[in-house]
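What follows is a set of notes on a single structure, which appears directly below.
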Amino acid sequence: MVILARPTAQMKILQKFRALYRHCVRGFILPVMLLAVFNSPLYAKAVTLVKITAFAGATNFNDIMNISGIVMSSLIVKSSGNKNVRGYLELSSQIADTVSFDIPRAYIKVRFPKFRVTLGKNRVSWGEGFLFNSGDVIFEGADLIQNLSYNDLRAETAWLADFYIPLGLFSFAEAIALPFPANAASGTAASLVPWDSGRYGGRLAAELAGIKLEAGGIYGKVKIKPYISIQGHLFADLYADCGIILPESVWDGPEAADIFNSFKRSVKDTLTVTGGFFRQFNANPYGAVTVRTEVKLLPYGEWKQAESAVSGVDPGYGLYIYPELIYAPDSTLSLSIRSLVSPIDLSGIFFSGLSWNIYQGLNILIQGAVQFGEESDIWGWGRNGSLSCALGLEYRY
Amino acid sequence: MKRYFSKIYVLNILLLLALIQPLSAQNLKSLTGREIIERMEANQVQKSSVSEGAFIITDRFGMRKKTFKAVSLGKDRTLLEFTNPEEAGQKILRIGDEIYLYFPEAEDIIHLQGSALRDSVMGSDLSYEDLTGEKGLLDIYKVVVNGMETVNGQKCYVVELTAKTRKVVYPKEKLWVDAELFVARKAYYYALSGRLLKEMDVEKVITVKGKNIPVRLVMRDAMKKNSKTVFVIDSIKIDVPVDRKTFSLEELSW
């Protein structure tokens, strides 16, 4: 209606534009202008990257070895050339005997003089931790993953509106709003979510005397998840996070004592501490050795073995350990050993991999994984998928 | 910072003196190891620089090229961004002894301190310390001048460095420092046992605003005969205005 109310003004502008356009075309102004725009530093170029990873593998299923193959590909188109605006689009597919497509990332990031804004589907990394990270209050539930072969074990993305405010060279504040659940495959424009079903949060990070401190939290409809995170160096790079989940009902209660008791119960039920160390040893002339170990500790978790556990599902045990050892004998080859261990039921998954960068952008990948444990454990030998191996190629161009 | 700039000032004066005085064989010989290293480091330290270049890693399977752009301020601040497709957007920020790595796919910043400085940069024969400059050599090494030799037609001081501490990548180094330009023309890097680990040859030097800057150097791992890393600076501007905010988490994660 607003547009229809001003037809005369619009037509006048249109006529002026047409006249200008004719003049420009006749006078060669338009080509010159186009040339100027395309050569201006404001003109954003697009950079494309294609990642294709193909695996052929075998795994045990129903007591026999089964073979399979999968091709995972990503097409990334991102802007470059504009100092203050970033656009990023990633299309991905998985092709096996079926085909699936996804858009794991699509966002615009804009930098203003005092803050920056990201709008779209992207990842944010809160807290510290390669696998275990109780500070990652946005993306949860990735701790007991079955596939330890990925370079980045925490790679979920979500639709978000993110405001980042630098407070100094190494300090910042960040506010975030997430309308859809963390594990939503895709939020479409048609999805309408009541405002109180969304999640809202923030964090504050600062560095003091070489120690990084971070504190923040996420508020959702039924729960509040605060966390603190610390990272420093003492013989190795050390980091730790501590998070709890408070139901919104924690504040309900007529007396302060009720609130306190409810709070205490929530802390007991959900307190999670994660931490780890990371150290690199120079193995010259033979290369480098990297050691990382992370633990996930639930002080009030289950410290006795459950009678039966579902494969790969966390029964709430009090302790998990993730050790990792990477040996790079030279600049092109790396051998990695990773394991995820449940000391309570003495089960775990053991992964070994080799990556060989043989030509520009090309890696040869050889991987094997084996589970150990008994039938009632989280992981166990003889279960479906307890033994697998794969040969793969990864090409980036 | 005050101490740093006063040092730069002194080094610049030394460099100017070196440029305006015709260098006779007599005063070449009269330089001490400390003076040679100071003059060489004066070339390496600029108030600021903006450069673009590449690592070219060659082995028996062929060549892999990693391109980058880098901004540095003084001796201890460098922001390097990889621009080749495979690693595009990955950044390394070094401030003193601390390194921050940014991985755009994970939107993650990893803070490394201490030993991580010794790690290889993107699988090259260069460590982060090689790339961004260690602390002053005189802080770490005892220096002895061991005569003069000619390298690629240039008269060079032969300088032997022995580490004062064990916390260094190379406990022993031998440098051939150009007697006129005060640039290392060649270097050998040794293990504590005396075994040769790496060797470096500077193939091209340019002069920008009075500073002699190696723009093409070759690193070879003595243990791998078919392997080398060529480090090339395609363009460099020095002493240009660089905002201190460039070396911040905000810029790193942008």
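Residue numbers (the working numbering), protein chains in the order written: chain A, 1 to 397; chain B, 1001 to 1254.
Where a beta carbon is used, it is the ideal one built from N, C-alpha and C, also for glycine.
All figures in this text were calculated on a predicted structure; none of them were measured in a lab.
S1235(B) is bridged by DSSP to E1052(B).
Listed along chain B, the residues sitting closer than 9 Å to T332(A) by beta-carbon distance are I1057, D1059, F1061, R1064, G1123, S1227.
Looking at the backbone, the Cα of K212(A) and that of E128(A) are separated by about 10 Å. Within chain B, the C-beta atoms nearer than 7 Å to that of P166(A) come from S1248, E1250, in chain order. Distances from the alpha-carbon of G198(A) to those of F172(A), G210(A), A158(A) put A158(A) closest. Between the alpha carbons of T1246(B) and S376(A) lies a distance of about 54 Å.
Secondary structure note for L1080(B): its beta strand (DSSP E) is the uninterrupted segment 1077-1082.
With contacts defined by Cβ atoms closer than 8 Å, G217(A) and K223(A) do not form a contacting pair. Taking C-alpha positions only, E255(A) is separated from L75(A) by approximately 57 Å. For Y1100(B), the beta-bridge partners assigned by DSSP are L1093(B), H1111(B). Here E1087(B) is buried, its C-beta having at least 16 other C-beta atoms within 10 Å. Of S1253(B), L1252(B), E1041(B), E1250(B), the smallest CA-CA separation from D1139(B) is found for E1041(B).
Its chain contains L49, V50, G361 as the residues whose beta carbon lies nearer than 8 Å to that of Y397(A), once the 5 sequence neighbours on both sides are disregarded; these appear in chain order. Within chain B, the residues placing a beta-carbon under 8 Å from that of I358(A) are F1061, ordered along the chain.
In the three-state reduction of the DSSP assignment, E174(A) falls in the strand class, which pools E and B. P1171(B) counts as buried, since at least 16 other C-beta atoms from the protein chains shown sit within 10 angstroms of its C-beta.
Sequence-distant partners of K1164(B) (beyond 5 residues in either direction) whose C-beta falls short of 7 Å from its own C-beta, in its chain, are I1140, Y1141, K1142. If you draw a straight line from the Cα of L1137(B) to the Cα of A205(A), it is about 35 Å long. Of the residues V110(A), I70(A), S134(A), the one whose Cα lies closest to the Cα of G276(A) is S134(A). In the DSSP assignment, A56(A) falls within the beta strand (DSSP E) that extends over 45-61. At a cut-off of 8 Å between beta carbons, L1079(B) makes no contact with chain A. In the structure shown, W195(A) falls within a helical segment according to DSSP collapsed to helix, strand and coil. Between the C-alpha atoms of L1252(B) and Q1090(B) there is a straight-line separation of about 9 Å. Separation of K1155(B) and I1036(B) (C-alpha to C-alpha, rounded to the nearest whole angstrom) is 13 Å. R199(A) does not reach chain B, its nearest Cβ partner there being about 17 Å away, counting only Cβ pairs nearer than 8 Å. Taking C-beta separations shorter than 6 Å and ignoring five residues to either side along the sequence, the partners of D1076(B) in its chain run G1096, following chain order. Going by beta carbons, I378(A) and S336(A) fall outside the 8 Å limit. Interface with chain B (8 Å Cβ-Cβ cutoff): R203(A) is excluded.
For the pair M1223(B) and Q280(A), the Cα-to-Cα distance works out to about 21 Å. Rounded to the nearest whole angstrom, the CA to CA distance from S171(A) to S1048(B) is 24 Å. Counting only Cβ-Cβ distances below 7 Å, D1178(B) has no contacts in chain A at all, with the closest Cβ about 27 Å away. Any Cβ of chain A closer than 8 Å to the Cβ of K1164(B) would place that residue at the interface, and such an atom is absent.
With a threshold of 16 other beta carbon atoms within 10 Å, W251(A) falls short and is exposed. Comparing alpha carbon positions, the residue from E324(A), S92(A), N357(A), V267(A) closest to L340(A) is E324(A). Take N122(A), set aside five residues on each side of it, and the residues of its chain with a beta-carbon closer than 7 Å to its own are R105, Y107, T157, L160, in chain order. Nearest CB-CB separation between K1224(B) and chain A: below the 8 Å threshold.
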